[in-house]
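If you read the sequence shown in my numbering, its first letter stands for residue 412, the second for the next number, and so on. Glycine included, each C-beta is placed from N, C-alpha and C at the ideal position. Quick caveat, the model's predicted, so the values are computed rather than measured. Input: a single structure, listed below in structure tokens.
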Amino acid sequence: MNPEFRQRVFTPVMLPLTALGAILAFAFGLSRVLLAVPEAISTITAIAVALYVLLVASMVAARPRISSRALGVGLVLGFAGVIGAGAVAASAGMRELHEEEAAAAGEGEGEAAAEVPEGALVWTAEGSSLEYSDVPATATAGEVQVAMVNDSGLLHNVTFEGVNGDQPVAEAAAGETDVGSATLEAGTVAYYCSVPGHREAGMEGELEVG
């Protein structure tokens, strides 16, 4: 190859392309590693790689006359380690990215179902209709547990007229369940959802307490 062509054309073109290829290979190898190991380990691995890069950079800054051989050895070792680990990780395959979220969601659903105590008075809301889909008809006088199971897309609650200062006994956001307690006296007790506009739309009723 003509020395002048190599100096003026080949080297200025190939050097950036080679560096870009090395960076892409490094990033790909690192991403394979991070996607293959558990989430907690991937965080530690990413921090360790960042610290290694900072260490090499600080050594270069502290010793401007560091030999190209020593610098090359450090870079090659790190590069080769990541590429090798990436190749192994790629052959092992990616971890299930959403398995932790799915497990957490399953646990959350189990907890939500277990929130309603046995013997509680349960009010249920479903869909977008401003009415309770299921309500108790009777209750025993004294302290009772009240559950608001909200399978709708709106905020709903259970409020007893003249009880608890007309404050909600149980209030649940969309898709959630809330449990509270109240002391009811014998007689007919009116209940309603105190969210503005809900009672007026028909979200109310009466409970016979004996």
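Cβ shell of residue i (< 6 Å), same chain only, five flanking positions each side left out
i           : result
residue 606 : 566
residue 601 : 572 and 617
Sequence-distant residues of the same chain with beta carbon closer than 8 Å to residue i, five excluded per side
i           : result
residue 547 : 532, 533, 534 and 618
residue 593 : 554, 555, 557, 571, 574, 575 and 580
residue 445 : 453, 456 and 457
residue 599 : 617, 618, 619 and 620
residue 434 : none
Cutoff 7 Å; reference residue i; Cβ partners in own chain excluding five residues on either side
i           : result
residue 526 : 588 and 590
residue 429 : none
residue 537 : 544, 562 and 563
residue 552 : 595, 596, 597, 620 and 621
residue 462 : none
residue 611 : none
Residue i and residue j closer than 8 Å at C-beta
i           : j           : result
residue 564 : residue 539 : yes
residue 529 : residue 614 : no
residue 559 : residue 585 : no
Cross-strand partners of residue i (DSSP beta bridge)
i           : result
residue 590 : 558
residue 535 : 545 and 560
residue 617 : 601
residue 595 : 553
What runs of the beta strand (DSSP E), each 3 residues or longer, lie entirely inside the stretch 555-584? 567-571 and 581-583
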